[in-house]
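**Q** Dropping a structure here in structure tokens format, bear with me for questions.
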């Protein structure tokens, strides 16, 4: 469902660490924030994330 790409620059250093999902920037991310963000996108897509299947 998701693809992770590591890039050198997203042009948003002041927000770092930054995650971009579907062209939308999410700044000052932590591991917990990334998990919650991906959970929101998963639920919005109509699929409940099952950690056992990851």
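Numbering (the numbering used here), first residue to last: 4 to 57. For glycine and all other residues, C-beta sits at the position ideal for the given N, C-alpha and C.
Just to confirm, is the Cβ distance from residue 30 to residue 21 under 7 Å?
**A** By 1-based counting over the chain shown, the position of residue 30 is 27. By 1-based counting over the chain shown, the position of residue 21 is 18. Cβ atoms of residue 30 and residue 21: closer than 7 Å.
**Q** Note the first and the last residue of the continuous beta strand (DSSP E) segment covering residue 22.
**A** On the chain shown, residue 22 is found 19 positions in, with the first residue counted as 1. Counting along the chain, the beta strand (DSSP E) containing residue 22 begins and ends at 22-24.
**Q** Tell me where the alpha helix (DSSP H) around residue 37 begins and ends.
**A** Numbered from 1 along the chain shown, position 34 holds the residue referred to as residue 37. Per DSSP, residue 37 belongs to the alpha helix (DSSP H) from 34-47.
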